[in-house]
Each structure stands twice: as C-alpha cells, then as structure tokens.
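Peer 1:
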Amino acid sequence: MASPQALSEDDRRLVALWAADCAERVLALFEAEAPDDDRARDGIRRARAFGRGELDTAGEIGRRFEAGRAAQSATTPAAVAAARSAGQASGVAHMGAHALGAAAYAAKAASLAAADHDTARRTEVLWQLQQMTHEVRAALARLPLLGADSSGPLGAGLLASGILATTIREIQAELQR
1 MASPQALSED DRRLVALWAA DCAERVLALF EAEAPDDDRA RDGIRRARAF
51 GRGELDTAGE IGRRFEAGRA AQSATTPAAV AAARSAGQAS GVAHMGAHAL
101 GAAAYAAKAA SLAAADHDTA RRTEVLWQLQ QMTHEVRAAL ARLPLLGADS
151 SGPLGAGLLA SGILATTIRE IQAELQR
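Counting from 1, one number per residue, gives the positions in the sequence shown under UniProt numbering.
Below you can see the structure in the form of structure tokens.
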C-alpha cells in the first residue's frame, strides 16, 4: 500500500511547481556561496519539468538526492537550508510531502539570512501560502499532519523538529481552514 504522504501523480505534479517556486525564492543564498555548483538550480528545474509532465516519476526518483547534496558545498546555515529546499523540491516526484519540506527549508533559509529571523520566516510562509492555487491547497491538505504517519518525510525525521516542524505545522494549520 502506498504511503498517504506520496499523493497521486497528478497531485505531485501540482505541488512540485509550488515547491520549486518556494525553493527558488532562496536559491540566491546558496548560489552566492557556491556559484559553480548547479545541483540546487538543476533540482528546481527538474521539479518544474516534472510538474509540467516533461519528466517521469521513475527517472526522478533515481535523481532525487542530487540537489540536496549541494548543501555540502555551502558553509553558512542559510545557504545549506536553501540547498536543502531545492533537494526537497526535487523529491516531490517521489513523494508529495517533500513539497512541505521545500517550503519549510526555504522559510528557514530566509530566516537565517535576515536580522529578524522570526519576521523573515513568517513573511516567507505568508508568501508561500499566497502562491498556492486552490488545487495545490487541496492536494497539500490531503497529506497527513506532521508526525501522524511515519511512512515518509512527515514522519519522525528532520522535518519533525525545530523550526522546520514549526513551519510545517503552521502551513498545515492554514490548509485546514
């Protein structure tokens, strides 16, 4: 049985585009530190291509870790988070819940790059919510709440603690309205 965090292929294609938008908002933080490492940008490009139906699930599952590995090229926490956001966006082809990971890491990157961390994070989350179409909201609302299902990224892993968890819970609370 498939994980409820996977979503249907149609839903994954919808949320991949939104996740790519979230990751691209903070991509400059990574590229400022690692201008010769194109893995994060390529991950975002592939997430968009998947969302448009130009790439298939099987091929992207095999490549889903490439963008996230770009974090090894970064030195500041903000740049690392930006690369991880791109990695999460590229993972949406495999499991839709990675879209929330892309958003959470993007918000974390924005907060770490700003003087007022909490305001920057909240501003980024507000932007992310405003970018959701009705269809994206509906697809993301079908995901289990953070910590309610252990069969994917919304289980007990990195997304389930700290500011990433806070951000995902805030987004999910808005989706339930």
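Using N, Cα and C, we set each Cβ at its ideal position, and we do this for glycine too.
Quick caveat: nothing in here was measured; it's all calculated off a predicted structure.
1. If you follow the alpha helix (DSSP H) that Asp36 is in, where does it begin and where does it stop?
2. Output needed for Ser85: all residues of its chain with C-beta closer than 7 Å, excluding positions within five of it in sequence on either side, in chain order.
3. Do you know how far the Cα of Ile171 is from the Cα of Val125?
4. Beta-carbon separation of Ala89 and Ala19 under 8 Å?
5. Closest to Ala47 by CA distance: which of Ala32, Ala93 and Ala83 is it?
6. According to DSSP, is Leu143 part of a helix, a strand, or is it coil?
7. Only counting the same chain, and skipping five residues up and downstream in sequence, which positions put a Cβ closer than 8 Å to that of Glu60?
Peer 2: In this structure, then:
1. Numbered from 1 along the sequence shown, position 36 holds the residue referred to as residue 36. Per DSSP, Asp36 lies in no alpha helix (DSSP H) segment and is marked neither H nor E.
2. Counting from 1 along the sequence shown, the entry for residue 85 is found at position 85. Here the set comprises Cys22, Ala23, Val26, Ala102, Tyr105, Ala106 and Ala109.
3. For the purposes of this step, residue 125 is taken as residue 125 along the sequence shown, with counting starting at 1. For the purposes of this step, residue 171 is taken as residue 171 along the sequence shown, with counting starting at 1. Approximately 7 Å, taken between the alpha carbons.
4. For the purposes of this step, residue 89 is taken as the residue at position 89 of the sequence shown. For the purposes of this step, residue 19 is taken as the residue at position 19 of the sequence shown. Their beta carbons are under 8 Å apart, which means Ala89 touches Ala19 by this criterion.
5. Position 47 of the sequence shown holds residue 47. Closest option to Ala47, Cα to Cα, is Ala93.
6. Against the sequence shown, residue 143 aligns to sequence position 143. Here Leu143 carries a coil assignment [DSSP, helix/strand/coil].
7. As a working note, residue 60 is residue 60 in the sequence shown. So the qualifying residues of the chain are Arg46, Phe50, Ser90, Ala93 and His94.
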